[in-house]
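The block underneath contains the structure these notes are about, expressed in structure tokens.
Listed below in structure tokens is the structure:
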């Protein structure tokens, strides 16, 4: 590792498994102080221990439920992190996802749609809004939204998940447009594609692991978009 994120503080949601956990390990290995945010404490603690064992900067770990969080909870989380990091935040990776199952519309429920929108879209908005004052104070801040290919190309059975991810794309684009007047802020969408993640195993159960890339293979892209190297690139949707 080359220390491309030395001195940066990066918050990562969904950090207990999959893309979020891989991003946390790689960001820490590149010198960042990582803030792990997830619902599952034991899994998050495992990622925490792996980062410490690797000799990377000691991370912070916070249990937080995007499904139920309201304005006060988002504000309190931001206040807690600001106190722990002395007001430092240079990036966010929105990798938390909620997925039920692929099914026809008549098998989907309003409750499932609401949950997917709450975590996949509203949660990302709430966190970005709460942490905006800290991002504004950074010399170079990047927010990465983990997208999904079906958000841009509607397909049967993807229902609430695809729709919530399409809304996430709009959210990211709207934020990027608002930030276009700031040289030090940027927001972009990264679409991982076929990777060996828990979600991919759910959506494509018949797919062989050999047909998918390992998570480590796409992590250099995440590092690039979080580092100063991507400064000036804003409002892009990138297929990895």
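Numbering (the numbering used here), first residue to last: 2 to 241. Ideal Cβ placement from N, Cα and C applies to all residues, glycine included. Computed from a predicted structure; not experimentally measured.
Residue 238: member of the beta strand (DSSP E) spanning 238 to 240, first to last residue.
Nearest to residue 62 by alpha-carbon distance, out of 193, 164, 51 and 107, is 51.
The segment 155 to 162 makes no contact with the segment 187 to 197: fewer than 3 CB pairs, one atom from each, lie closer than 8 angstroms.
Note that the C-beta distance between residue 14 and residue 96 is below 7 angstroms. Listed as beta-bridge partners of residue 28 by DSSP are no residues whatsoever. Residue 165 is a Cβ neighbour of residue 118, given a cutoff of 7 angstroms. DSSP, read as helix, strand or coil, puts residue 150 in helix. Excluding residues up to 5 positions away in sequence, 17 and 18 lie with their Cβ nearer than 7 angstroms to the Cβ of residue 44 in the same chain.
Boundaries for residue 133: no beta strand (DSSP E) harbours it, while the alpha helix (DSSP H) harbouring it runs 124 to 138, taken from the DSSP string.
Judged by DSSP in its simplified three-state form, residue 86 adopts helix.
Under the three-state reduction of DSSP, residue 23 is assigned to helix.
Per DSSP, reduced to three states, the secondary structure at residue 97 is coil, with no helix or strand assignment.
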